[in-house]
Every structure is written in structure tokens, then in C-alpha cells.
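Residue numbers (the working numbering), protein chains in the order written: chain Y, 1 to 216; chain B, 1 to 216. Backbone N, C-alpha and C fix where the C-beta goes; we use that ideal spot for every residue, glycine too. On a predicted model such as this, the values are computed, not experimentally measured, just so you know. Notes for the one structure printed next.
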């Protein structure tokens, strides 16, 4: 097999990394076959001898690429005849790559306990102390007041919501990498959480259904 | 004169509307000559007989266009041989048009009293009660705690800041309408306020200098 994606995995083979989802959408967009290696947090250290990597890691034949943005640029450069991930210009996707961090924090406040509960025991033992040190509080305290976090998350979506009232995709008439970056956040939540992070009549919900069709 | 822009104006002929600045940058980008009509808030009612307009209003020969986005689309459609306002795709600019409202509110908290002080007496008499009713508090109360508002505004700039660490313009190597939309916010502040809304070593400050060169 020529292409291997190391894909962050929870119990029940749930694939939940928002960054890995960006890459899976990009590979599907390009029509490229690949196999995934289910990878737990505590498996990542075994991927290499050097500094700890972050996922996604893509082995494309004899080339290893780390980081979802670097992978997108690699795929665009190496497979120019496949549909472009950056139609028109790369600048739009780059902005979305810098905007999407504004929606991750309120989403994390909604789902981080679901992420924790989805992990197997070895990963839970790594995840809880690591994240609680970062947050400066227990996971349970971090997710308290879900109503406020849901409101904050939905408000943070306004720039894409207003865009999706006008056109079917963030990229315009058809999806591209500018869509896949924020879409990863929704696939992250969907993999581990029952939380209805957007209302069913939200334009964002319809867009996510259209983006997911890229995976079929 | 073929082209007239009704341009929101304070005392001392200061032109401060962020939306009018978007249009002036777009006209300069297209290389189109125009004259402006200095227009106070209290002059706007005299522009037409129907519902109150918002500025910018552009009379392009015998066509009147209202709203900065509609004007940009008009200019792009009617002057296709001039440099494109939407190189690559219009989707990026549309997203910036929906993202920029996230930076206006914290900026308003910094400068609205400066806006008020810049107006002439007739406009002040309209502006204060209108805005205080909207804010539910006095202008003075609205701008209290400038340090917090400055911090919030600068944090809200992160998506463009991170982008401008990588490339000279939001649009990529050269400026276009995706830049002019947020740039209008900075020209708004500059027209009426002494507040240093971004630090001089912020990548956003360097970008603004480059964008302003379009006006020369």
C-alpha cells in the first residue's frame, strides 16, 4: 500500500482528531487511496525516535509528512492533476486555517469529557492529567455550564453561518480545503459526543452534510 | 464627473466610515477616478426620498449603488478589465466580509467616544442618543476599561495576524478586496482616534501600511 495515514483513534475504533479529518477529507477530495493505522495517544511515541509527533502523520510512499496543513500542501503539489484543494488561491484556506482556532476552544469546553470517556484506559491515564494541567482545572470543571459554552460556540460560528446563507460551501459552489479545515471540528465532535452542537435548521448543519458527502 | 461617492465626514473634513474606506480602497484598486461628497450623518436623509440609506452610496454615472459589498460587486462586474477585486475567487472576500464584524464591536468600545468628539454639533445631537439607546448605556460607560477592550480587540485580530506572519496580504502576495474589508476598520480608527490600536511591531501594523499604499 502506497499511502498510510496514522489516524488518532479512541475505543470502538472511533476516529476523532479534527486534524486527521482535515487530511481524510483532503485525500478524498484528491481521489487518493490510503490505509489508516489506528493510533492511540499512547501509540504516538512509537511512530519515530525523535521528538513526539502530532497526528496526522502521512506516509506517502517514501515521504513522511507531519501536520495537516503541510499534508494539504504536499497533496496539492504532488497530485496537481487531481482536483485542487486550493481553487483560485491558497490564501482563503490559509485564513480558514488561522480562523478555525477561534471555534476549537468553545467546542472543547463542550466535548472534552466525551473525548475522555471515549478513550481506552491507557489513553485516559495519559489524557486526564495532561489536559487538566493545561486547563488548570479538572475536566469536569472545564465543561461546567454547558449552556454557556454551547452559546459561545454557536456564536463563534457566525462568520461561516453568514457565508453559508449565501453559498453552499465556504469555498463557493463546491467544497475545497477552506471547508475541510473547520469541518474537521464537527467530525471531531460527532465521533465522540451526542451533543447537538448546531441546531438542525442551522445553515452550518446543512453544510456539514454536504461536506461529509465528499467522504463517500 | 462620472462617479460620486457620498463619504461619511466628521468635523475637520475627517472621513471615518469603515465601509466608505472599503469602497475608496476598491475604487483605487480599480484605478477609477471619483469625487466625494462630504456627508454628515444628518445629511444622509437628504440623499433620497425613500427609506434612510446607509453610506457608502456610489453614483456611478446613472447607476446608484448602496452598500459596500454591492459596490464592490458592481465595480468588479462593470470594470472587468481593471485589476480584479476578487482574484482567484470571490469566496475569500465574502468570508472576510462575514468575519470583520467580529473585530468591529471591540474596536467600537475603544473609539466610539472619539467618533462622537469628532462630529460637529448637529451630528453629535443625533449620534449620542441614537448610540446610547443601542448600547443601553452612556458612551462614557460603553468605553470604560479601555485596557480590557484593547486586549479583546487585539486578540480578535489573531486570524489575520497569523496569516500576515506568513504572507504580506490577506489575499496573498498582493492586496485585494479581502484585505480592504478589515482594513476599513483601521482607517476608521485612524481618522478620529489617537489610540494605538495595534502595537507598532504587530504584523497587522505593517500590513496596514502596505494596504494604505493602494490609496496613493
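Annotation: residue 67 of chain B to residue 162 of chain Y spans about 17 Å, alpha carbon to alpha carbon. Going by C-alpha positions, residue 167 of chain Y is about 15 Å away from residue 157 of chain Y. Scanning chain B for C-beta atoms nearer than 8 Å to the C-beta of residue 166 of chain Y yields 94, reported in chain order.
For the set Y/189, Y/185, Y/3 and Y/165, the Cα lying nearest the Cα of residue 117 of chain Y is the one of Y/189.
Residue 205 of chain Y sits away from residue 214 of chain Y, with the two beta carbons spaced by 8 Å or more. In the DSSP assignment, residue 116 of chain Y falls outside any beta strand (DSSP E) and within the unbroken alpha helix (DSSP H) covering 104–118.
By the Cβ rule, the region 87–97 of chain B does not count as touching the region 131–148 of chain B, because fewer than three pairs are nearer than 8 Å.
Note on geometry: alpha-carbon atoms of residue 102 of chain B and residue 120 of chain B lie some 29 Å from one another. With a contact defined as Cβ atoms closer than 8 Å, residue 172 of chain B and residue 88 of chain Y miss out at about 10 Å. A distance of 8 Å or more separates the beta carbons of residue 112 of chain Y and residue 16 of chain Y. In the DSSP annotation of this structure, the continuous segment of the alpha helix (DSSP H) that includes residue 27 of chain Y starts and ends at 18–30. Any Cβ of chain Y closer than 8 Å to the Cβ of residue 162 of chain B would place that residue at the interface, and such an atom is present. Between residue 126 of chain Y and residue 22 of chain Y, the CB-CB gap reaches or exceeds 8 Å.
For residue 70 of chain Y, no chain B residue has a Cβ inside 9 Å of its Cβ, as the nearest lies near 13 Å away. The beta carbon of residue 208 of chain Y is closer than 6 Å to those of 186 in its chain, skipping five residues each way along the sequence. In the three-state scheme derived from DSSP, where H, G and I count as helix and E and B as strand, residue 46 of chain Y is classed as helix.
Neighbours of residue 102 of chain Y in chain B, taken as residues at a C-beta separation under 9 Å, are given in chain order as 102, 156, 158 and 159. Below the 7 Å Cβ cutoff, chain Y contributes 89 as neighbours of residue 87 of chain B, in chain order.
Judged by DSSP in its simplified three-state form, residue 126 of chain B adopts helix.
Annotation for residue 45 of chain B: 52 place their beta carbon closer than 8 Å to its own, counting only its chain and skipping 5 residues before and after. Distance from the CA of residue 30 of chain Y to the CA of residue 184 of chain Y, rounded to the nearest whole angstrom, comes to 17 Å. Among the residues facing chain B, residue 84 of chain Y is not included, as its CB has no counterpart in that chain under 8 Å away. Contacts with chain Y at 8 Å (Cβ-Cβ) do not include residue 206 of chain B. Between residue 73 of chain B and residue 84 of chain B, the gap from beta carbon to beta carbon reaches 8 Å or more. Closest by C-alpha distance to residue 148 of chain Y, out of Y/169, Y/178 and Y/109, is Y/109.
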